[in-house]
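All remarks here apply to the structure that follows.
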Amino acid sequence: MSEFFDHITPEHADFIARQPVFFVATAAPDARINLSPKGLDTFRVLDGGRACAYLDYGGSGNETHAHLAADGRITIMVCAFDQPALIYRIYGHGHAVLPQDQAWTELASHFTIERGVRQIFRIAVESTQTSCGWAVPRMQLVAERQTLRKYHVQDDPVERLTKYQERTVSIDGLPVRPPAFLPYD
């Protein structure tokens, strides 16, 4: 049976911290629904569970940024692939915080900023929900992939910034705000 909460409880924050992957879903009018898996140590619970944030590395696109700018709604889902079975969802409204934004320094202090980070998404938690997860298979984490980190380490920061700054629309043509500078190097 599912239960709803108005914030991320300390028990749920502990559950989130133990999971190696979470999923982010966003949508905007007349655009595709975006659903992305996220890994690494990139998620933080903030403000006593009333907010959360995650680091965003440059990769294939910037749909979450575009959708949040257009609509703001976001759902985070975390599943247990071990015991006990549990699915945890966070519903809220979010926005991108870029290195040039006033809120960057304080928000970035919660993370290790490394090559490839382009923004942080901050989410105001509106509600959370637990559900059973009994149909989610049990799996074991073998290792985190290092491919994204390796890609960004060999990347030239000036070229990377130029690529980000040239990308001002999403795949559906929604505007995105590129970083003015990269928060490393």
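If you're matching positions, the sequence shown starts at -1 in our numbering and goes up one per residue. We put the CB at the ideal spot given by N, CA and C, even for glycine. These numbers were taken from a predicted model, which means no experiment stands behind them.
Rounded straight-line distance, which links the Cα of residue 41 to that of residue 17: Counting from one through the sequence shown, the residue named residue 17 turns up at place 19. Counting from one through the sequence shown, the residue named residue 41 turns up at place 43. Taking the straight line from one Cα to the other gives about 10 Å.
Contact check, residue 173 vs residue 167, beta carbons under 7 Å: Walking along the sequence shown from the start, residue 173 turns up at place 175. Walking along the sequence shown from the start, residue 167 turns up at place 169. Yes, Cβ-Cβ distance for residue 173 and residue 167 is below 7 Å.
Terminal residues of the beta strand (DSSP E) in which residue 119 lies: Taking the sequence shown and counting its residues from 1, one reaches residue 119 at position 121. 115 to 129 is the extent of the beta strand (DSSP E) around residue 119.
8 Å contact criterion, which residue 43 and residue 11 should meet: CB distance rounded: Against the sequence shown, residue 43 aligns to sequence position 45. Against the sequence shown, residue 11 aligns to sequence position 13. With a Cβ gap of about 4 Å, residue 43 and residue 11 count as contacting.
For residue 10, the three-state DSSP class (helix, strand or coil): Walking along the sequence shown from the start, residue 10 turns up at place 12. For residue 10, the secondary structure class from DSSP, reduced to helix, strand or coil, is helix.
Exposure label - residue 24; buried when at least 16 CB within 10 Å: Translated into positions along the sequence shown, residue 24 becomes position 26. Label assigned to residue 24: buried.
Delimiting residues of the alpha helix (DSSP H) encompassing residue 49: Along the sequence shown, read from residue 1 onward, the residue named residue 49 stands at position 51. Bounds of any alpha helix (DSSP H) do not take in residue 49; it lies within the beta strand (DSSP E) bounded by 49 to 55.
Which of helix, strand or coil DSSP assigns to residue 66: Translated into the one-based positions of the sequence shown, residue 66 becomes position 68. Helix at residue 66.
Candidates 1, 111, 98 and 79, of which the one nearest residue 135 by Cα: Here residue 135 refers to the residue found at position 137 of the sequence shown. Answer by Cα proximity: 79.
Environment of residue 108 [buried if 16+ CB atoms lie within 10 Å]: Counting from 1 along the sequence shown, the entry for residue 108 is found at position 110. So residue 108 ends up on the exposed side.
Residue 87 - containing beta strand (DSSP E), residue span: For the purposes of this step, residue 87 is taken as residue 89 along the sequence shown, with counting starting at 1. Unbroken beta strand (DSSP E) run through residue 87: 85 to 95.
Whole-number beta carbon distance between residue 150 and residue 124, since they are thought to touch under 8 Å: Residue 124 sits at position 126 when you count from the first residue of the sequence shown. Residue 150 sits at position 152 when you count from the first residue of the sequence shown. 33 Å between Cβ atoms; not a contact.
Residues bridged to residue 32 (per DSSP): Taking the first residue of the sequence shown as position 1, residue 32 is located at position 34. When DSSP reads this structure, residue 32 sits in a beta bridge with 24.
Inter-residue Cα distance where the pair is residue 160 and residue 113: Against the sequence shown, residue 160 aligns to sequence position 162. Against the sequence shown, residue 113 aligns to sequence position 115. The alpha-carbon atoms of residue 160 and residue 113 are separated by roughly 15 Å.
Under the three-state DSSP convention, the category residue 143 falls into: By 1-based counting over the sequence shown, the position of residue 143 is 145. Correct three-state label for residue 143: coil.
Opening and closing residue of the beta strand (DSSP E) in which residue 44 lies: If you number the sequence shown from 1, residue 44 lands on position 46. Note, residue 44: beta strand (DSSP E), 41 to 44.
Helix, strand or coil at residue 18 according to DSSP, with G and I counted as helix: The sequence position of residue 18 within the sequence shown is 20, counting from 1. In the displayed model, residue 18 falls within coil according to three-state DSSP, outside both helix and strand.
Reduced DSSP category for residue 175 - H, G, I as helix; E, B as strand; rest coil: The count along the sequence shown starts at 1 and reaches residue 175 at position 177. In the structure shown, residue 175 sits in coil (DSSP, three-state: anything other than H, G, I, E or B).
Beta carbon of residue 111 nearer than 7 Å to that of residue 181: Here the question's residue 111 lines up with position 113 in the sequence shown. Here the question's residue 181 lines up with position 183 in the sequence shown. Cβ atoms of residue 111 and residue 181: closer than 7 Å.
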